[in-house]
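If you read the sequences in order, they're chains A and B.
For the first sequence, the residue numbers in the working numbering are 1166 to 1472.
For the second sequence, the residue numbers in the working numbering are 1166 to 1472.
There are 2 protein chains.
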Amino acid sequence: MTTLVFGHKSPDTDSTGSPLIWAWYLTEVKGAPAEAVLLGEPNTEAAFVLDRWDLPKPRIIDAVEAGQPVVIVDTNNPAELPDAINDADIQAIIDHHKLVGGLETKGPIDIRIEPLACTATIMHKMIGADLAQAPTNIKGAMLSCILSDTLEFRSPTTTQEDRAIAEALANDLEIDIPAYAAEMFAAKSDVSSFSDAELLRMDSKTYEVGGKTFRVSVLETTSPATVLSRKDSLMETMPKVATEDGADQVLLFVIDILNEEATLLVPNDLVKSVAEKSFSTVAGEGDLLVLPGVVSRKKQIIPNLAV
Amino acid sequence: MTTLVFGHKSPDTDSTGSPLIWAWYLTEVKGAPAEAVLLGEPNTEAAFVLDRWDLPKPRIIDAVEAGQPVVIVDTNNPAELPDAINDADIQAIIDHHKLVGGLETKGPIDIRIEPLACTATIMHKMIGADLAQAPTNIKGAMLSCILSDTLEFRSPTTTQEDRAIAEALANDLEIDIPAYAAEMFAAKSDVSSFSDAELLRMDSKTYEVGGKTFRVSVLETTSPATVLSRKDSLMETMPKVATEDGADQVLLFVIDILNEEATLLVPNDLVKSVAEKSFSTVAGEGDLLVLPGVVSRKKQIIPNLAV
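As structure tokens, then:
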């Protein structure tokens, strides 16, 4: 049976590109038929990357059958995966997030998790010399994943390995990194077609802190003003999204990629209190708080979150 | 702070040797001070290996402090680890068992799980060319772990990688594998100093099947008659051990390493029913059932267990 390779729900560039990379590797190098699929529509940056490299858009699935062979990439969190994921035949997990607990396998499988910025970087290491066989678009996907997850090396999650691999790929592909990253980020910043609720859910993870459940949403953009001009309707929509998704509160951080700072929307006293307890340096007042230097949910927001 | 490296409770050869291997690697190659420790007395085979290779017996701990940096090897099961393991600073996990779920980390860490027979085999791959720096006793520990976990390549968990690495190590160390493995297995078979309860708990893992909790114990031996001569008192002790450990039933499989078969002790109708539903070929009658070809709990017992 063909193995399905997928990342997390609300797929970003890494969760769109890494399944394509790994499905290529399994099928063409390992001789084990595999298909990349998505657990939702790719975001605007991922859609740009598919188009730019002439990569086929993977089909979207919303469930997996019991016993279906799968490879999970870019997450190990059951909440970000199809409901009955533990009934699938999980064959491998490749990820760069903290271990959440909850996934179970029937036997020993290949699991490779490393504290690197990007799943594609780990895949680059695992594929090794076989990457020479990869077509241009697979290498392009790899470069795009790394530039996306590192915010062009600005994120503190960036390691020397991520950077060195991206630079080698760019050299091989004759890609000018600043120019290409700017195109990617412009695509990500084009959020005009999304409703407020869609924006709040686009890149969002649920965390429990101090007995409360938060949907911690980030929007990485080179044009924060575009998003912030919608702040009133975004804040009005937050209680609805929170209720529908079983959370107490949505926290929306608008990440200014170029200026390397986050702006937190502050609709009420709970969020204000969270901001004051979580972040030592905040600027701004009223319903917008600026967090200088904060660009990474994983490294800078979640570890500090306090209620 | 020195990182503690440890395997599972009731340490066997792999859970004794692999921490020594990895602590050597972290300290001497990576320059990150690490200490191998044990979560209990090593079994008789592991004690023989320490003595044979003049390896220092690691100190035994029964708890870890919150924030203590640790590397977990040869298990990912919280039930086989200190109670507050998730409060420790888990820095890495190296294992070859199925993913159980339950371990959580505060950030992304290095996790490497592969479906190989032995943790030390994975470490051999990770250490790579740096193994040339390893002293003889670290290579001896590595060889011993692989011979132990593969039952000298008899276990169906054995992969080509396990075998090739063990043979290369034996060649390097000028060790005759059959002769050395026979010494190890003789040490493991000397169970005269253990009480019945100790034997039932020596190599035991807890599993839930069909709403019942089983302590699935194996005793790998080259002298099954020695253990089976104690079958009456072992069966008498089973209800006490089960009650004390919160299980419904102890299942004891005496693994005959040389003849490659298991003998299951059958104290009651529940165990008889489990045996009939779980294993297609059983021989023998009364309170001993022989399972030809069965030597691996992981590959042959657990996946088939039915109530």
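C-beta atoms are modelled at their ideal positions from N, C-alpha and C, and glycine is treated no differently.
Where does A/Ile1225 land, buried or exposed, given buried means 16+ other C-beta within 10 angstroms? The residue labelled residue 1225 of chain A in the question sits at position 60 within the first sequence. Burial state of A/Ile1225 is exposed, judged by a 10 Å Cβ sphere holding fewer than 16 other Cβ atoms.
B/Asp1219 at chain A interface by Cβ criterion, 8 Å: Looking up residue 1219 of chain B in the second sequence gives position 54. By this cut-off, B/Asp1219 is not an interface position.
Per-residue contacts from B/Asp1275 into chain A (C-beta, under 8 Å): Working through the second sequence from its first residue, we reach residue 1275 of chain B at position 110. Going along chain A in sequence order, the residues near B/Asp1275 (Cβ under 8 Å) are Ile1278, Glu1279, Pro1280.
Could you please give the first and the last residue of the uninterrupted beta strand (DSSP E) stretch that includes B/Phe1171? Taking the second sequence and counting its residues from 1, the one referred to as residue 1171 of chain B is at position 6. 1168–1171 is the span of the beta strand (DSSP E), which, as asked, contains B/Phe1171.
C-alpha distance - A/Thr1240 paired with B/Pro1457, whole-angstrom precision: Position 75 of the first sequence holds residue 1240 of chain A. Position 292 of the second sequence holds residue 1457 of chain B. So the two alpha carbons sit approximately 41 Å from each other.
Report yes if the CB atom of B/Ala1257 is closer than 8 Å to the CB atom of B/Ile1274, and no otherwise. For the purposes of this step, residue 1257 of chain B is taken as the residue at position 92 of the second sequence. For the purposes of this step, residue 1274 of chain B is taken as the residue at position 109 of the second sequence. The answer is yes: Cβ separation under 8 Å.
Please look up how many angstroms separate the CB atoms of A/Thr1322 and A/Ser1461, rounded, as I've assumed it's under 8 Å. Looking up residue 1322 of chain A in the first sequence gives position 157. Looking up residue 1461 of chain A in the first sequence gives position 296. About 5 Å separates the two Cβ atoms, so the contact holds.
With A/Pro1343 as the anchor, note down where its alpha helix (DSSP H) starts and where it stops. The count along the first sequence starts at 1 and reaches residue 1343 of chain A at position 178. Per DSSP, A/Pro1343 belongs to the alpha helix (DSSP H) from 1342–1354.
Comparing alpha-carbon positions, which option in A/Ala1285, A/Asn1302, A/Val1381 lies nearest A/Ala1471? For this step, residue 1471 of chain A is matched to residue 306 along the first sequence. Comparing Cα-Cα distances from A/Ala1471 to each of A/Ala1285, A/Asn1302, A/Val1381, the minimum goes to A/Val1381.
Please go through the same chain and pick out, in chain order, the residues whose beta-carbon is closer than 7 Å to the beta-carbon of A/Pro1221, but skip the five residues on each side of it. Within the first sequence, the letter at position 56 stands for residue 1221 of chain A. Contacts found: none.
According to the Cβ coordinates, are B/Ala1199 and B/Ala1211 closer than 8 Å? The residue given as residue 1199 of chain B occupies position 34 in the second sequence. The residue given as residue 1211 of chain B occupies position 46 in the second sequence. Annotated as distal: B/Ala1199 and B/Ala1211, with beta-carbon spacing of 8 Å or more.
CA-CA distance, B/Ser1320 and B/Asp1314? Stepping through the second sequence from its first residue, residue 1320 of chain B is reached at position 155. Stepping through the second sequence from its first residue, residue 1314 of chain B is reached at position 149. In this model, B/Ser1320 and B/Asp1314 are separated by some 8 Å (Cα to Cα).
Contacts of B/Leu1151 in chain A (Cβ-Cβ under 8 Å): Since the first and last residues shown for chain B are 1166 and 1472, residue 1151 of chain B lies out of range.
Compare the beta carbon distance of A/Lys1353 and A/Glu1385 with 8 Å and say whether it is the shorter of the two. Here the question's residue 1353 of chain A lines up with position 188 in the first sequence. Here the question's residue 1385 of chain A lines up with position 220 in the first sequence. Taking 8 Å as the cut-off, the Cβ atoms of A/Lys1353 and A/Glu1385 count as close.
Backbone secondary structure at A/Ser1369 - three-state DSSP: As a first step, residue 1369 of chain A must be located in the first sequence, where it is residue number 204. Per DSSP, reduced to three states, the secondary structure at A/Ser1369 is strand.
Can you check DSSP and say which residues form a bridge with B/Asp1275? Taking the second sequence and counting its residues from 1, one reaches residue 1275 of chain B at position 110. DSSP, once it has assigned bridges, lists B/Ala1257 as partnering B/Asp1275.
Tell me which residue opens and which closes the alpha helix (DSSP H) that A/Asp1434 is part of. As a first step, residue 1434 of chain A is located in the first sequence; it is residue number 269 there, counting from the start. Judged by DSSP secondary structure, A/Asp1434 falls within the alpha helix (DSSP H) whose first and last residues are 1434–1443.
Measuring straight from C-alpha to C-alpha, what distance separates B/Ala1407 and A/Thr1178? Walking along the second sequence from the start, residue 1407 of chain B turns up at place 242. Walking along the first sequence from the start, residue 1178 of chain A turns up at place 13. If you draw a straight line from the Cα of B/Ala1407 to the Cα of A/Thr1178, it is about 51 Å long.
Excluding the five sequence neighbours on either side, which residues of its own chain have a C-beta within less than 6 Å of the C-beta of A/Met1403, listed in chain order? Your numbering for residue 1403 of chain A matches position 238 in the first sequence. Contacts found: Val1415, Pro1432.
For B/Lys1377, does the three-state DSSP call read helix, strand or coil? What you label residue 1377 of chain B is simply residue 212 of the second sequence in a count that begins at 1. Three-state result, B/Lys1377: strand.
If the cut is a Cβ gap below 9 Å, which residues of chain A does B/Pro1468 touch? Numbered from 1 along the second sequence, position 303 holds the residue referred to as residue 1468 of chain B. The answer, in chain order, is Lys1271, Gly1272.
Quick one: Cα of B/Val1265 to Cα of A/Glu1269, how far? For the purposes of this step, residue 1265 of chain B is taken as residue 100 along the second sequence, with counting starting at 1. For the purposes of this step, residue 1269 of chain A is taken as residue 104 along the first sequence, with counting starting at 1. Roughly 5 Å separates the two Cα atoms.
When you compare only the Cα positions, how much space is there between B/Val1436 and A/Lys1290? Translated into positions along the second sequence, residue 1436 of chain B becomes position 271. Translated into positions along the first sequence, residue 1290 of chain A becomes position 125. The alpha-carbon atoms of B/Val1436 and A/Lys1290 are separated by roughly 48 Å.
Rounded separation between A/Pro1234 and A/Leu1191 - CA only: As a first step, residue 1234 of chain A must be located in the first sequence, where it is residue number 69. As a first step, residue 1191 of chain A must be located in the first sequence, where it is residue number 26. Separation of A/Pro1234 and A/Leu1191 (C-alpha to C-alpha, rounded to the nearest whole angstrom) is 13 Å.
What residue from A/Pro1280, A/Pro1247, A/Ser1175 has the CA that sits closest to A/Lys1263's CA? Taking the first residue of the first sequence as position 1, residue 1263 of chain A is located at position 98. Of A/Pro1280, A/Pro1247, A/Ser1175, the residue nearest in Cα terms is A/Pro1280.
What are the boundary residues of the alpha helix (DSSP H) that A/Ile1311 is part of? Mapped onto the first sequence, residue 1311 of chain A falls at position 146. Boundaries of the alpha helix (DSSP H) around A/Ile1311: 1301–1315.
In terms of residue numbering, what span does the beta strand (DSSP E) encompassing A/Gln1465 cover? Here residue 1465 of chain A refers to the residue found at position 300 of the first sequence. It is not in any beta strand (DSSP E) - A/Gln1465 carries neither H nor E in the DSSP assignment.
With distances taken from CA atoms, which of A/Arg1328, A/Val1238, A/Asn1469 is nearest A/Thr1168? The count along the first sequence starts at 1 and reaches residue 1168 of chain A at position 3. Comparing alpha-carbon positions, the option among A/Arg1328, A/Val1238, A/Asn1469 lying closest to A/Thr1168 turns out to be A/Val1238.
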